[in-house]
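*Asks:* Note that the working numbering has the sequence shown beginning at -6, numbered continuously upward.
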Amino acid sequence: MERLEEGLRHVGHLHERMQGLLAAVLAVGSDLDLEAVLRQIVESAVSLSEATYGALGVVGEDGGLSRFITVGVDEKTIAEIGPYPEGRGILGLLIREPVPLRLHDLGKHPDSYGFPENHPPMTSFLGVPVRVRDEVFGNLYLTEKRGGGDFTGDDEEIVTALARAAGVAIENARLYHRLRQATEAFQRRLLPDLPRLAGLELEARYEPSSDAPRIGGDWYDLIRLPDKVPCLMVGDVMGHGLEAAAVMSQISNMLRVIAFDEEEPPSRILHRLDEVLHALHGAPMATVIVVRLEPAPGGRTLHWAAAGHPPPLVVTPGRRPRYLVGEPGPPLGVDPDLPRGDHREDLPAGSSVLLYTDGLVETRGRSLETGMAEAAELAAEYAAAPLPDMCDALLRRSTASGQYDDIALLAARVTDQSRIKGTTSRPQAR
-6 MERLEEGLRH VGHLHERMQG LLAAVLAVGS DLDLEAVLRQ IVESAVSLSE
44 ATYGALGVVG EDGGLSRFIT VGVDEKTIAE IGPYPEGRGI LGLLIREPVP
94 LRLHDLGKHP DSYGFPENHP PMTSFLGVPV RVRDEVFGNL YLTEKRGGGD
144 FTGDDEEIVT ALARAAGVAI ENARLYHRLR QATEAFQRRL LPDLPRLAGL
194 ELEARYEPSS DAPRIGGDWY DLIRLPDKVP CLMVGDVMGH GLEAAAVMSQ
244 ISNMLRVIAF DEEEPPSRIL HRLDEVLHAL HGAPMATVIV VRLEPAPGGR
294 TLHWAAAGHP PPLVVTPGRR PRYLVGEPGP PLGVDPDLPR GDHREDLPAG
344 SSVLLYTDGL VETRGRSLET GMAEAAELAA EYAAAPLPDM CDALLRRSTA
394 SGQYDDIALL AARVTDQSRI KGTTSRPQAR
């Protein structure tokens, strides 16, 4: 009877561990950010093996450890220990011979290199390689089995199974990272360089969605009209993917031509664009804002019209920030005959006007009103700071708050600078 009860307890414990392994595999594969995946792997290995300490050492091109992700050692102790291991001793043995290794006392192994000062005591040891395809990505190092015993064969098997799943998760995260880089590069190639103009400082930013890598429809543009007045444009095509990117490119190019050719107020430019889109492209849905910055005594006069787009944000040193709230008019693709109003605002020297897509003010867990208020207050803090710093701060706020949509940002500051020839570099990332 005692043997039966012991067998049942063993089966129950094994079932619990299998359930734990399944949960760990799902957790490891649920994220596509490589840093998060690597940490989850170590945390899962520590939990499954009942280890006190765990680490994942990533093997670099030189055969040593290029990264070392730890669990169980606090930041203060890590700082006191000093630099992370480079891959000598037992850790180096696993790099040279990537097979599972269990030790009763790692300090007594002939390859043991010893511990630096302030290192916590570690005796029992389990090491398991992590492979991505046929390449050894790194090794899991687990020490100090809780309860004082040794790591068992079951521990080795379950951590080895986790390591196989980890290899797949790491490969997925790598592919995701490469896809995201390619997507961002393609998107940025669709965006223009900005000219340098007398009396204006210009900055632009583009930040892709924090969600899955996908080409979006957010864009900005700036051209000089025949009367030498700069025309600023920002738009957002509904949807994502290649279709949205294609529509975005078509709309921005058509808007350039119409704005340059018509020499009309911004509302008329949007009306003509909407007519053309209805006639040629089946009326894709998009929001757009068009702004003229005309020279005026002591600054500039801003003339603008919007097609369902968020309002411009104006920031002037010593004044409260303000959104230029006017009748936005319907988005493109609804009805070209619906009216859109023109609006006017005087901007004294030193003022900055920011045109943006909704990703700048829409964040997870916050209302649109809260997001707009936070963005305005932050911009006001940078009213007298360099314009690039203001743009960077706004993007940091959005991404830190859980940005889930693309961001296009075009900022202009009224200055007294004389014209500088040439063009700026391509739009910057955060």
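The beta-carbon is built from N, C-alpha and C at its ideal position, and this holds for glycine as well. None of these values were measured; they are calculated from a predicted model.
Have a look at Glu73 and Asn111 and give me their C-alpha separation to the nearest angstrom.
*Replies:* 6 Å
*Asks:* Using a Cβ-Cβ cut-off of 6 Å (strictly less than) and excluding sequence neighbours within five positions of His3, which residues of its own chain qualify?
*Replies:* Because the pLDDT at His3 is just 49, under 50, the model does not fix this residue reliably, and the value given afterwards should be weighed accordingly. Counting only Cβ-Cβ distances below 6 Å, and skipping sequence neighbours, we find nothing.
*Asks:* Would you report the Cα separation of Ala366 and Ala342, rounded to the nearest angstrom?
*Replies:* 24 Å
*Asks:* What does the alpha-carbon distance come out to for the pair Ala178 and Val51?
*Replies:* Straight-line Cα distance between these residues: approximately 28 Å.
*Asks:* Gly80 by DSSP, collapsed to three states: which one?
*Replies:* coil
*Asks:* Looking at Gly465: is its Cβ nearer than 9 Å to the Cβ of Met383?
*Replies:* The requested residue 465 does not occur in the structure, where the chain is confined to residues -6 to 423.
*Asks:* Under a three-way DSSP split, which group does Leu248 fall into?
*Replies:* Three-state DSSP puts Leu248 in a helix.
*Asks:* Between Arg95, Asp104, Pro259 and Gly334, which has its C-alpha nearest Cys224's C-alpha?
*Replies:* Pro259
*Asks:* Taking DSSP's pairing of strands, which residues face Ser345 in a bridge?
*Replies:* Val308 and Arg406
*Asks:* Measure the alpha-carbon distance for Leu273 versus Asp211 and round it to whole angstroms.
*Replies:* 21 Å
*Asks:* If you measure between the beta carbons of Leu402 and Val346, is that distance less than 9 Å?
*Replies:* no
*Asks:* With which residues is Met226 paired in a DSSP beta bridge?
*Replies:* Asp214 and Val283
*Asks:* Could you tell me which of Asp328, Gly311, Arg333 and Arg313 sits nearest to Gly319, measuring between CA atoms?
*Replies:* Arg333
*Asks:* Whether or not the region 298 to 309 and the region 278 to 290 are in contact is what I'm after, with contact meaning three or more pairs of Cβ atoms, one per stretch, closer than 8 Å; do they touch?
*Replies:* yes
*Asks:* Can you find the residues in the same chain that come closer than 6 Å, C-beta to C-beta, to Arg217, ignoring five residues on each side of it along the sequence?
*Replies:* Pro223
*Asks:* Assuming Leu25 contacts Ala166 under a Cβ cut-off of 8 Å, what Cβ separation, rounded to an integer in Å, is found between them?
*Replies:* 5 Å
*Asks:* Find out if the Cβ-Cβ distance for the pair Met226, Asp214 is shorter than 9 Å.
*Replies:* yes
*Asks:* Three-state secondary structure (DSSP) at Met231?
*Replies:* Met231 carries a strand assignment under DSSP once its states are collapsed to helix, strand and coil.
*Asks:* To the nearest angstrom, report how far apart Ala386 and Pro314 are at their CA atoms.
*Replies:* 16 Å
*Asks:* Compare the beta carbon distance of His336 and Ala368 with 9 Å and say whether it is the shorter of the two.
*Replies:* Taking 9 Å as the Cβ cut-off, His336 and Ala368 do not qualify as a contacting pair.
*Asks:* Tell me whether the beta-carbon of Thr356 lies closer than 9 Å to the beta-carbon of Glu194.
*Replies:* no
*Asks:* Assess, as a yes-or-no matter, whether the region 124 to 144 is touched by the region 90 to 104 under the definition of 3 or more beta carbon pairs within less than 8 Å.
*Replies:* Flag = yes, the region 90 to 104 and the region 124 to 144 touch.
*Asks:* Does the beta-carbon of Lys69 have 16 or more other beta-carbons within 10 angstroms, so that it is buried, or is it exposed?
*Replies:* exposed
*Asks:* For Phe118, collect the residues of the same chain with a Cβ closer than 6 Å to its Cβ; drop the 5 residues on either side in sequence, then sort them by chain order.
*Replies:* Leu96, Leu99 and Thr136
*Asks:* By Cβ distance below 6 Å, which residues in the same chain neighbour Ala405 in space, the five residues on each side in sequence not counted?
*Replies:* Leu193, Leu195 and Val346
*Asks:* Which residue comes first and which comes last in the alpha helix (DSSP H) that contains Thr116?
*Replies:* Note, Thr116: premise wrong, no alpha helix (DSSP H); not H, not E.
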